[in-house]
Each structure stands twice: as C-alpha cells, then as structure tokens.
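Under my numbering, read the sequence shown as residues 18 to 96, first letter to last.
Glycine included, C-beta positions come from ideal geometry on N, C-alpha and C.
Structure first, then comments.
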Amino acid sequence: MKTQIFSEAISKRNQIKFLYGLDEVVLEPYYITRDKRGKKVIYGRVTNSSEIKKFEYGLIANIKVFSNRRFSPRINMIS
C-alpha cells in the first residue's frame with residue numbers, strides 16, 4: 018500500500034506528509050529502492066531544506082498526499 022501511494026505521488030510530483038517515528042515530515046518524494054540491508058526506503062527532499070534524505074518504510078505512518086502541492090525535482094543532473 019505504501020509503495021502504491023508513494024509511486025503515485027512521485028509520478029504526479031505531489032508533496033507528501035507522514036509520521037516518521039515521532040516526527041512529522043513533509044517530503045518531495047524522488048524514488049523508492051532498497052538499502053544495503055534490504056529494507057525498503059524512499060528518498061526525497063524535506064521541505065525547507067536542500068538535503069535529500071532517506072526514510073525507512075517500517076518507520077513511516079499516517080501518510081497524506083497533497084494533491085494540490087506540486088514540485089519540480091531539485092536533483093542536479095551531471096552531464
């Protein structure tokens with residue numbers, strides 16, 4: 018279920034909000050993968066930050082998609 022929600026938000030470039038442990042996070046989601054330990058994670062830019070962060074699926078709860086908030090990815094492309 019989380020993958021479907023995140024994938025749709027990534028493809029439509031919608032911001033998402035969720036609880037990560039005890040913290041509330043508003044994220045511009047970029048991609049989903051597995052880390053070195055095989056755990057599913059999502060990468061994205063936290064609002065009001067220029068840093069790309071990784072979030073483990075197991076710690077994510079109460080996901081909300083902001084269908085009215087769109088973003089443009091800020092990942093630098095090397096040419």
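**Message:** Quick check on DSSP: helix, strand or coil for serine 67?
**Reply:** coil
**Assigned secondary structure, isoleucine 95 (DSSP; H/G/I helix, E/B strand, else coil)** = Its pLDDT being 48, under 50, isoleucine 95 is placed unreliably by the model, and the measurement read from it follows with that caveat. Coil, per DSSP.
**Item:** Strand pairing of glutamate 73, partner residues [DSSP]
**Value:** Val58
**Asked** Any idea if arginine 62 is buried or exposed, counting beta-carbon neighbours within 10 angstroms, 16 or more meaning buried?
**Response** buried
**Asked** Among the residues of its own chain, which have a CB less than 7 Å from the CB of lysine 19, if the five just before and after it don't count?
**Response** Tyr74, Ile77, Ile80
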